Amino acid sequence: MIESEFVAPEIDWLALAPLLVVLGAGVVGVLIEAFVPAKARRVTQIVLTLAALAGGFVFIAILWPQIAVQPVQVVGGSLTLTPFALGAQGIIAVLAFLGVLVVADRTATGQDAFAPAASAVPGTSYEDLARRSGLEQTEIYPLLLFATGGMMLFASTDDLIVMFIALEVLSLPLYVLCATARRRRLLSQEAAAKYFLLGAFASALFIFGVALIYGFAGTVRLLEIREMVRQGALPLEGMSVLLVAGVLLVVVGLLFKVGAVPFHAWTPDVYTGAPTPITGFMAACTKVAAVAALVEVLYRVTIGVQAVDPQIMRQLQIVIVVVAVLTMAVGTVIGSVQTDVKRLLAYSSIAHAGFLLVGIAGFNPQVQSSTLFYLLAYGIATIGAFGVVTLVRERRITPSSGEDNGPVDDDGVVLGEATEIAQWAGLGRKAPWLTAAFALFLLSMAGIPLTAGFIAKFGAFTGATTGGLWWLAVLGVLASVVAVAFYLRLLVVMVFQRAEDEPAESQVALVETAPGTEPGEAEVSAGGGAVTGGTAAATLTKVQVTTAQRVVVTVVRSRGPAAVAIAVCAIATVILGVFPSPVLSLVEQASKFVP
5 MIESEFVAPE IDWLALAPLL VVLGAGVVGV LIEAFVPAKA RRVTQIVLTL
55 AALAGGFVFI AILWPQIAVQ PVQVVGGSLT LTPFALGAQG IIAVLAFLGV
105 LVVADRTATG QDAFAPAASA VPGTSYEDLA RRSGLEQTEI YPLLLFATGG
155 MMLFASTDDL IVMFIALEVL SLPLYVLCAT ARRRRLLSQE AAAKYFLLGA
205 FASALFIFGV ALIYGFAGTV RLLEIREMVR QGALPLEGMS VLLVAGVLLV
255 VVGLLFKVGA VPFHAWTPDV YTGAPTPITG FMAACTKVAA VAALVEVLYR
305 VTIGVQAVDP QIMRQLQIVI VVVAVLTMAV GTVIGSVQTD VKRLLAYSSI
355 AHAGFLLVGI AGFNPQVQSS TLFYLLAYGI ATIGAFGVVT LVRERRITPS
405 SGEDNGPVDD DGVVLGEATE IAQWAGLGRK APWLTAAFAL FLLSMAGIPL
455 TAGFIAKFGA FTGATTGGLW WLAVLGVLAS VVAVAFYLRL LVVMVFQRAE
505 DEPAESQVAL VETAPGTEPG EAEVSAGGGA VTGGTAAATL TKVQVTTAQR
555 VVVTVVRSRG PAAVAIAVCA IATVILGVFP SPVLSLVEQA SKFVP
């Protein structure tokens, strides 16, 4: 028998520290759910989550001087820490921190955005029992940590098997979180189901592409494939079809997470149905991780094969260009006719995916610094915008008439979020500071000068022109002009239109009621439509809504975290637009993503 000696691998624990802190805190969060008393559980989870994300960012800052000089490979190359990967990790940590602040907020109504029992069937006695018992969904915080850890790993590995595992680690918690909305429960569960099913197809295509790449090269590590092609160990003649097909299938899986056309179908429905704080977290952080992984896959493959067979790079570039054009067109054209704020922001996200692909299509490694800046600027504006949406609510006004059969005075029941654009009319008079912050985020997304979005789009379009795709940059500018139109339309509604203070003479609304229903648990749509609530033995009853009883739009007061996140995002948007040099110099160092 031949005896072999086991050689333990040398592990750079400092390089793994950001991931270990975030994922380790997620494990601790699960234990907190089991052992910490219910009264202290929420505060403990919030403190642990914010501390873990801040600690992960601190370790990233400590690692930056070392990695900027000499990138390292950890655990046999399973984790490849380059300036680009570390920069993406830092952006994810910052955006996740801001996103958790919005998630942790409880408005003046004393409620958060999450159902007391997300697994309960809407309208059942179990859901009513959970509501009456005062249960809270504190499990969302370890789920957020697991998703964030998966994103950080996803953006910093060139091992396609590890990348697939990271894809599932970040996706599975998001599937669950999308189904946890306190109101519009059926819509939330439908969004989670769509996200899960389409995500499963994307994951299957990804792993099938990994199998084809392994069949071509005998390895799943992109750096090894690059070196083998450079050294002539992998003849591309006759086998290039296998490589291109494998890379394209992997890219399809990544484009699904980016939200690019034609893999965008999940985006509007999931953004609308998911709890709004989760929508902001997902829209910002997931896009950073997916775009970083897409850049590493495309650029590492093309760097290796460009000198041997430039035709392969040309084929991949054509695919990215076509997807970029379609994505910009769909995002801007369909976004311009939306009447719901969350769906408008969803199509805005699709359009921005197209703008990002414009820069990536140039296949210029130095341009990737502008990609990181774009992801930071867009993520900050997105979290701030969805933070504002969480505070704009519907409110039912039912003043007492003094008659026996008259309406009952309930002192204004605060309902769900007011997401119809028409409901935002006159918001500038009700909450001028909140409106100013939201306007700033929209202007940044539109790419108006003196905002972070302008610098970001300028860098992306410059990347296309540097790569010889000046016409694609022109299309990007034209798409940006169209996008400005629907951003300004929303601003005009908020600032210049007056709210309808007097309702129609008589409307009929469907209100879900039940014995003991608490204020804020039943929902009435502004147009009189039926909206599911979450109460036991609920019955749909017709309620005559007269001039004495109506639904108006109000801005609820934040208890702190969401207001802090919105203020930080607004300040950062201005600073990155007026004084971008310090951040640009940092991301310029991060343009190196190959050891």
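Numbering-wise (this note's numbering), the sequence shown opens with residue 5 and increments by one.
Where a beta carbon is used, it is the ideal one built from N, C-alpha and C, also for glycine.
In this text, all values refer to a predicted model and were calculated from it rather than measured experimentally.
Q) First and last residue of the beta strand (DSSP E) that includes Leu85? A) Boundaries of the beta strand (DSSP E) harbouring Leu85: 83–85, taken from the DSSP string.
**Q.** Identity of the residue in Arg234, Ile282, Thr86 nearest Gly147 by Cα
**A.** One point to set straight first is that residue 147 is Leu, not Gly, in the sequence displayed. Comparing Cα-Cα distances from Leu147 to each of Arg234, Ile282, Thr86, the minimum goes to Ile282.
**Q.** Contact under 9 Å by Cβ, Val341 with Val486
**A.** No, these two residues do not count as a Cβ contact at 9 Å.
Q: Return the CA-CA distance between Val152 and Ala97, expressed in angstroms with no decimal places.
A: Note on identity: in this sequence residue 152 is Thr, with Val being the wrong assignment. Distance from the CA of Thr152 to the CA of Ala97, rounded to the nearest whole angstrom, comes to 7 Å.
Q | 8 Å CB neighbourhood of Gly494 in its chain, flanking five on each side removed | A | For the record, residue 494 in the displayed sequence is Leu; it is not Gly. A distance below 8 Å between beta-carbons, with the five flanking residues on each side excluded, links Leu494 to the following residues of its chain, in chain order: Val345, Leu348, Ile425, Trp428, Leu446.
Q) Got a sec: does the ligand PLP put a non-hydrogen atom nearer than 8 Å to the Cβ of Thr53? A) Here there are no bound small molecules, and the ligand PLP is not part of this structure.
Q) Where in the region 422–498 do unbroken runs of the alpha helix (DSSP H), each at least 4 residues long, occur, reported from the N-terminal end onward? A) Runs of the alpha helix (DSSP H) inside the region 422–498: 431–434, 436–450, 456–470.
**Q.** Cβ-based burial, Gln370 [other Cβ within 10 Å; buried from 16]
**A.** Residue environment analysis places Gln370 among the exposed positions, since fewer than 16 neighbouring C-beta atoms fall within 10 angstroms of its C-beta.
**Q.** Paired residues, beta bridge with Glu398 - DSSP
**A.** For Glu398, DSSP records a beta bridge to Val557.
Q: Look at the alpha carbon of Gln593 and the alpha carbon of Tyr378, and state the distance between them as a whole number of angstroms.
A: Rounded to whole angstroms, Gln593 to Tyr378 spans 15 Å at the Cα level.
Q: Using three-state DSSP, classify Asp16 as helix, strand or coil.
A: Annotated three-state conformation of Asp16 is coil, per DSSP.
**Q.** Within 9 Å, strictly: CB atoms of Phe158 and Ala294
**A.** The answer is yes: Cβ separation under 9 Å.
Q | Spatial distance of Ile579 from Ile384 (CA atoms) | A | Answer to the nearest angstrom: the Cα atoms are 12 Å apart.
Q | Backbone secondary structure at Ala183 - three-state DSSP | A | Reduced to three states, the DSSP call for Ala183 is coil.
**Q.** Close-in-space but distant-in-sequence residues of the same chain around Lys461 (CB under 7 Å, 5 per side omitted)
**A.** For Lys461, where only same-chain residues beyond five positions count, the Cβ hits under 7 Å are Phe359, Gly451, Ser484.
Q: Rounded to whole angstroms, what's the CA-CA distance from Leu27 to Gly59? Just pull it up for me.
A: Rounded to the nearest whole angstrom, the CA to CA distance from Leu27 to Gly59 is 12 Å.
Q. Any chance the region 33–40 sits against the region 65–79, with 3 or more Cβ pairs inside 8 Å?
A. The region 33–40, when compared against the region 65–79, does not touch it at the 8 Å Cβ threshold.
Q: Pull up the distance between the alpha-carbon of Gly430 and that of Ile229, whole angstroms please.
A: Note on geometry: alpha-carbon atoms of Gly430 and Ile229 lie some 58 Å from one another.
Q) If you follow the alpha helix (DSSP H) that Val79 is part of, which residue opens it and which one closes it? A) Counting along the chain, Val79 falls outside any alpha helix (DSSP H), and DSSP gives it neither H nor E.
Q: Starting from the Cα of Leu376, find the closest Cα among Thr223, Lys198, Pro584, Glu14 and give me that residue.
A: Restricting attention to Thr223, Lys198, Pro584, Glu14, the CA atom closest to the CA of Leu376 is found in Pro584.
Q. Any idea what DSSP makes of Ser118, helix, strand or coil?
A. Note that residue 118 is Phe in the sequence shown here, rather than Ser. Three-state DSSP puts Phe118 in a strand.
Q) Out of curiosity, what's the CA-to-CA distance linking Leu588 and Gly467? A) Each residue's alpha carbon lies about 15 Å from the other.
Q | C-beta atoms of Thr439 and Ile354 nearer than 9 Å | A | Their beta carbons are not under 9 Å apart, which means Thr439 does not touch Ile354 by this criterion.
Q | Integer-rounded CB distance, given that Val582 should sit under 8 Å from Leu454 | A | Between the beta-carbon of Leu454 and that of Val582 there is about 6 Å, and that keeps the pair under the 8 Å contact cut.
Q.
Going by DSSP in three states, Leu109 sits in which element: helix, strand or coil?
A. Residue identity differs from the one stated: residue 109 is Asp in this sequence, not Leu. In this structure, Asp109 counts as coil in the three-state DSSP scheme.
Q | Own chain partners of Ala121 with C-beta closer than 7 Å, once the 5 adjacent residues on each side are dropped | A | Counting only Cβ-Cβ distances below 7 Å, and skipping sequence neighbours, we find Tyr130, Glu131, Ala134, Leu139.
Q | Exposure of Ile322, with buried meaning 16 or more beta-carbon neighbours within 10 Å | A | Burial call: exposed.
(Q) Please state the DSSP three-state secondary structure of Ser589. (A) In the three-state scheme derived from DSSP, where H, G and I count as helix and E and B as strand, Ser589 is classed as helix.
**Q.** Local conformation of Asp163 per DSSP, three classes
**A.** Asp163 falls in the strand class under three-state DSSP.
**Q.** Buried or exposed by the 16-neighbour rule on C-beta atoms within 10 Å, applied to Ile15
**A.** Taking all protein chains in view, the Cβ of Ile15 is surrounded by fewer than 16 other Cβ atoms within 10 Å, so the residue is classified as exposed.
(Q) Once the 5 residues before and after Leu590 are set aside, which same chain residues still bring their CB inside 7 Å of it? (A) There are no such residues.
**Q.** Residue closest to Gly457, alpha-carbon to alpha-carbon, out of Leu83, Gly564, Arg563, Thr577
**A.** Selection Leu83, Gly564, Arg563, Thr577 evaluated against Gly457 yields Thr577 as nearest (Cα-Cα).
Q) From what residue to what residue does the alpha helix (DSSP H) around Arg136 run? A) Arg136 -> alpha helix (DSSP H) spans 129–136.
Q: Keeping to the same chain, check which residues put their C-beta closer than 6 Å to that of Ala170; ignore five residues upstream and five downstream.
A: Excluding residues within five positions, the ones whose Cβ falls inside 6 Å are Gly154, Leu157, Phe158.
Q. What are the partner residues of Arg225, as DSSP defines its beta bridges?
A. Beta bridge pairing from DSSP links Arg225 with Asp163.
Q: Quick one: residues in its chain with C-beta nearer than 7 Å to the C-beta of Arg304, no 5 flanking neighbours on either side, listed in chain order?
A: Hits under 7 Å: Asp162, Leu226, Leu227, Arg230, Val598.
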